[in-house]
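Chains as they are written, first to last, in the working numbering: chain S, 1 to 199; chain V, 200 to 903. Built from N, CA and C at the ideal position, the CB exists for glycine as well. Quick notes on the structure that follows.
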C-alpha cells in the first residue's frame, strides 16, 4: 500500500506542470497579449516574418548591461533592418521590479533609444510562463513559419559586466544571420542568464 | 514636450546605473566578503586552505556553479606573488531557492568557498605573503544586484606547523563537510516521455534509509529546475525522477548526451546530509522493476482502477456494496440476466457519477477556485443530508418501514424491471459516499488527473469508477459466483438488521463532522432532524401496513417538511472555531496560517505542519496513533518544534494552496521543516510515531 501511495505521489509530482514546454525546432507557443498602447497583439499577426522575443526588466543589472552599452539596441536595429519583428515583453508582476504601465514602458524604451516593433505588457506572466522565460534578458527567435529556432541568452558571456560584450558571441545575431542565409541555426539553444523574471 | 524632463532623468539614471560598477558602491553591499585562512600561517612549500567567506544579508542569496533558472555563480580572481598558486574556487552543495515559479541553486546566510593556496619552497620564514583577490558575485532577493569586492589577507610564513585559526575552525569544518565528495557508486540516467530518471546504484544508502535526496546538475539545461524531484529507494539504490530540461527535451537530443555531471545531496534517516559528485552515463534508469518512476497514462489508469477496487472495502462504501450483495442473494442467483443488467446499471451509475464529479472538479478548477477532492463533504447541508439518508437507510434495514417503490431502489433492488434504475441509483449513492474515502488514498492520482488534458483526466475518473463497480459487476456477470452466494433465509433478515449498525455508525460520524463544521446549534438541529425523521418513518411504516390511515400519512408528510426545513437552516450556521483538536497529551498545536509559517521559517525554527479535516478518517487515525503521545510532545518540546495544524474541514483557500504546492488534492499532508530550511520533508500519509520521531531527528524509543 505504501508503494502504491508512493507511486501515486510520483505520478502527481511528475504531472505537476500542465503546460507544454516550448521546444526549439517545434512550433513556438501561440500567444495573445496587450501592448503598451492597449492594443491586442497576436503572435499570429506576424506570420511569415521572423520574430524576436526579448524579456526585459529595466531594473535588472543584466538588462542594464545590454542597454547601457547599446548592445541590445544594436541587435534590435540589425534584426529590424533585415525585416524581423522585435517584441519586447515585460512579465514583471505588479509591485515587482520592472513592472511597467504602457506609458512608463514606452518612456523607458525611448530613453534608452530602443526601437522595439512593439512592447507587450504581461503582468500576469502568461506569455512568460508559456515560453518558460527564466531570466531578463531571455531571448527567443521564431522563423517565418512559426517555428522556434533559438532560445537562450543574448550571448555566451553570462556576466553582468558590460566589458564582456566586446568578446562575447551574440547568439541572437548569429541565429538571425543563419536564418537570413537559409542555414540551420548553428547554436539553437543556450543557457539564458540574468535576473529571474519577476513573476 | 512635458515628457522631456522625465526622459532626461530616466536617461541619466540609466547611464548612472550602467556605470555603477566602475565606482564605489553608494550603498552598503548585501554581502560582506572576506578572506579567512584555516591555519595561522603556512610553512614554506606547504598548502593552506583559504576561504572566501560571504556573510549574506537576510533573505538574500548568492549562487552555485549552476545558478538554476537565473543568477550567476560567484567568481574569484587572485593576484598572487610569484611562486604562489591558487587552486579552483570550491563550492559547497547548494540549496534550492524558490522564486515564484522559478528555482535557483544557491546560498544564504553564511557560505565559505574554499581554495587551496600553495606557497613555494623558497618562501621566507618570518615574512608574510600578501594574498589579494577580486571577488564578483550576484546577490538577489526580489531584485538582483551584482556586487564585487577586493579582499586580501596577509599570510605569515612560519617554521613550525601552524595551529588552526581558532575563530574559523567550526566554519571550516562545516564548509568541508558541505563539499561534495566523489560518489563511490555508479550512476546512470534514462530519458523517457519528458522525464529523466537518474539511478544511483548505492545499496548502502538504500539500506541505511533515506530522508531525502536532491539532484543538482553542474550544468544548466538537463532538468527543469523548478519541477519536483521524485525520489524512490529501490532494492539496490535510489532513483530521482524529474522533468527534462532543454538539453534532453527530444529523444535525439537526449541520445547525444553522453554524461550528466551532478551533485546529489542525500539526507539519511539519521539526519546526516552528505553531498556526492557523480557522473551519470546513459543506462537503465532502474536496476529492478521501477515502472513506478515513469508513470504513463496507462499506469495511472491502472492505479486508478486499483484504487477504485480498494474503495469497496472502505467503511463508507462497504455497507452499500453489502446491500447490493444482499439483494443478489435474495434472488438466489436465479435471474442471472436481470442480475447482469443490474450489474451494468450499477456500473453505469458509479462511473457516470465519478465522471460527473471529475467534470465538476475540472470545471471549478478551471474557474480558478482552490478546491480539493472531498469538497462535497465541506458543505454542512450535504453532510446533514447524508447523515439523514444513512439514518433512514439504517431504519429501513431495521425494518421500521419498507420501501415499496422508488426510495427502496437506493439501497435494495430486487431485479424487477424497475430494479435497473434502482441499481443505477445505488451506483450513484456509492460514488457520492465514496468521495471522502478517496481523498486520502487517491489524492495523488486525482491531482494527476486534474493536471492532465481533460480527456485523460476524465479517463482516470472513469477508471476509478470502473474499479469501484468491478466486484459487484463480476458477481452479476459470473453466474458461478452468484450461485455460490448463500441461499435466502432468516439469516438475511438478521444480516440486514446488522447492516443497519454501520449505517448508524456513519450517521454518528457525519453528525460529529457537522458539529465541528457548523457548531453546537447545527448539532442540536440535526439531532432533532434525526428524531423527527425516525418519528416520520415509523408513522410511514404504520401507514404502509394499513394500520394508521390518513392521520399517519399526514403526520409523516409534516415530518418530512420539518426535516427539509432543518436542512435549509443548517447552511446558515458556521462553526465558531472548527479546529478538530480533541484534548490529547500530544504536542500542543497552533492553527496554521501562511503568515505564521513564514514568520517561523524566517526565525529558523523547526516546524511540523499537519493538514487535516474532521471528515478525513486517515487523518484522525494518524493523529490518534502517531501524534498524540506525551513522549512525542516532549520530543517536540525538546527540539523546539512548533506544531502548526491546518483544519480543512471547511474549505480554506490557504490550506488548499499549501496542499497544491506539494502535489496533493486532499488531506492528510504532513510536512517537517528543519531549522533554517524552507523546503520541507514530506512524511508518509500513513504515520507511526516512529516515522514522526525519525523525521524530526529524535531517537525513536524501542517500544514505539
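Residue i versus residue j - alpha carbon distance
i, j, result
"residue 643 of chain V", "residue 885 of chain V", "With a pLDDT of only 49 at residue 643 of chain V, under the threshold of 50, the placement of this residue in the model should not be trusted; the figure read from the coordinates follows. C-alpha separation (whole angstroms): 14 Å."
"residue 302 of chain V", "residue 721 of chain V", "47 Å"
"residue 727 of chain V", "residue 469 of chain V", "54 Å"
"residue 357 of chain V", "residue 266 of chain V", "39 Å"
"residue 662 of chain V", "residue 497 of chain V", "10 Å"
"residue 580 of chain V", "residue 859 of chain V", "26 Å"
"residue 233 of chain V", "residue 351 of chain V", "7 Å"
"residue 130 of chain S", "residue 875 of chain V", "33 Å"
"residue 371 of chain V", "residue 118 of chain S", "53 Å"
"residue 742 of chain V", "residue 752 of chain V", "6 Å"
"residue 589 of chain V", "residue 835 of chain V", "41 Å"
"residue 359 of chain V", "residue 373 of chain V", "26 Å"
"residue 79 of chain S", "residue 881 of chain V", "49 Å"
"residue 868 of chain V", "residue 339 of chain V", "32 Å"
"residue 54 of chain S", "residue 142 of chain S", "12 Å"
"residue 139 of chain S", "residue 116 of chain S", "13 Å"
"residue 737 of chain V", "residue 557 of chain V", "38 Å"
"residue 879 of chain V", "residue 870 of chain V", "6 Å"
"residue 343 of chain V", "residue 155 of chain S", "20 Å"
"residue 669 of chain V", "residue 555 of chain V", "19 Å"
"residue 347 of chain V", "residue 275 of chain V", "10 Å"
"residue 464 of chain V", "residue 329 of chain V", "36 Å"
"residue 711 of chain V", "residue 702 of chain V", "14 Å"
"residue 87 of chain S", "residue 812 of chain V", "49 Å"
"residue 75 of chain S", "residue 422 of chain V", "30 Å"
"residue 37 of chain S", "residue 175 of chain S", "30 Å"
"residue 393 of chain V", "residue 22 of chain S", "12 Å"
"residue 795 of chain V", "residue 891 of chain V", "22 Å"
"residue 213 of chain V", "residue 151 of chain S", "Per-residue confidence for residue 213 of chain V stands at a pLDDT of 38, beneath the threshold of 50, marking its modelled position as unreliable; no derived number is given."
Partners in chain V for residue i, counting only beta-carbon separations shorter than 8 Å
i, result
"residue 130 of chain S", "The contacting residues do not exist; residue 130 of chain S stays about 12 Å from chain V at best."
Contacts of residue i in chain S (Cβ-Cβ under 9 Å)
i, result
"residue 303 of chain V", "196"
"residue 256 of chain V", "Under the 9 Å cutoff, chain S gives no residues; its nearest Cβ is about 17 Å from residue 256 of chain V."
Neighbour list for residue i in chain S, Cβ cutoff strictly below 7 Å
i, result
"residue 345 of chain V", "61, 160"
"residue 653 of chain V", "Residues of chain S passing the Cβ test: none, with the nearest at roughly 11 Å."
Neighbour list for residue i in chain S, Cβ cutoff strictly below 8 Å
i, result
"residue 339 of chain V", "195, 196"
"residue 449 of chain V", "23, 25"
"residue 419 of chain V", "191"
"residue 561 of chain V", "Simply none; closest approach about 11 Å."
"residue 422 of chain V", "Simply none; closest approach about 12 Å."
"residue 459 of chain V", "The premise fails here: residue 459 of chain V is roughly 15 Å from chain S at the closest Cβ pair, so nothing lies under 8 Å."
"residue 915 of chain V", "Nothing about residue 915 of chain V can be read from this structure; chain V reaches only from 200 to 903."
Neighbour list for residue i in chain V, Cβ cutoff strictly below 7 Å
i, result
"residue 134 of chain S", "268, 269, 301"
"residue 150 of chain S", "Simply none; closest approach about 12 Å."
Proximal residues to residue i (C-beta, below 6 Å), its chain only, five neighbours per side dropped
i, result
"residue 630 of chain V", "549, 552, 553"
"residue 67 of chain S", "112"
"residue 84 of chain S", "50, 52"
"residue 320 of chain V", "243, 244"
"residue 252 of chain V", "233, 235, 311"
Residues near residue i in its chain [Cβ-Cβ closer than 7 Å; skip 5 each side]
i, result
"residue 800 of chain V", "806, 872, 877"
"residue 269 of chain V", "301, 303"
beta-carbon residue i near the ligand FMN non-hydrogen atom, thresh 7 Å
i, result
"residue 718 of chain V", "No copy of the ligand FMN appears in this structure; indeed no ligand is present at all."
Minimum Cβ-Cβ distance from residue i to chain A less than 8 Å
i, result
"residue 298 of chain V", "As a matter of chain content, chain A is missing from the structure shown, whose protein chains are S and V."
Residues near residue i by beta carbon distance below 8 Å, same chain, minus five either side
i, result
"residue 125 of chain S", "91, 93, 197, 199"
message: If the cut-off is 7 Å on Cβ atoms, which residues from the region 82-110 of chain S count as contacting chain V, listed in chain order?
response: Near chain V, meaning a CB-to-CB distance below 7 Å, the residues of the region 82-110 of chain S are 96, 97, 107, 108, 110.
Contiguous beta strand (DSSP E) assignments of at least 3 residues, all confined to the region 366-402 of chain V: As far as the region 366-402 of chain V is concerned, its whole beta strand (DSSP E) runs of at least 3 residues are 386-391, 394-399.
field: Runs of alpha helix (DSSP H) lying entirely within the region 833-872 of chain V, each at least 4 residues, in chain order
entry: Counting whole runs of 4 or more residues, the region 833-872 of chain V contains the alpha helix (DSSP H) stretches 852-860.
field: Where the region 39-58 of chain S meets chain V: residues whose CB sits under 7 Å from a CB there
entry: Within the region 39-58 of chain S, no residue qualifies.
Residues, ordered as in the chain, of the region 727-745 of chain V that lie near chain S by beta-carbon distance below 7 Å: Along the region 727-745 of chain V, there is no position whose C-beta sits under 7 Å from a C-beta of chain S.
- request: Taking only runs that begin and end inside the region 85-166 of chain S, name each unbroken alpha helix (DSSP H) of 4 or more residues, in chain order.
  value: Complete alpha helix (DSSP H) runs here, min 4: 102-111, 126-130.
field: Whole runs of the beta strand (DSSP E) within the region 264-319 of chain V, excluding any shorter than 3 residues
entry: You should have 274-278, 294-298, 301-306, 309-317.
field: Segments of 3+ residues assigned as beta strand (DSSP E) that fall wholly inside the region 402-449 of chain V
entry: Those beta strand (DSSP E) runs which fall completely within the region 402-449 of chain V and span 3+ residues are 409-416, 429-433, 436-442.
field: Positions along the region 283-297 of chain V whose CB lies within less than 7 Å of some CB in chain S
entry: For the region 283-297 of chain V, no residue has a beta-carbon sitting nearer than 7 Å to a beta-carbon of chain S.
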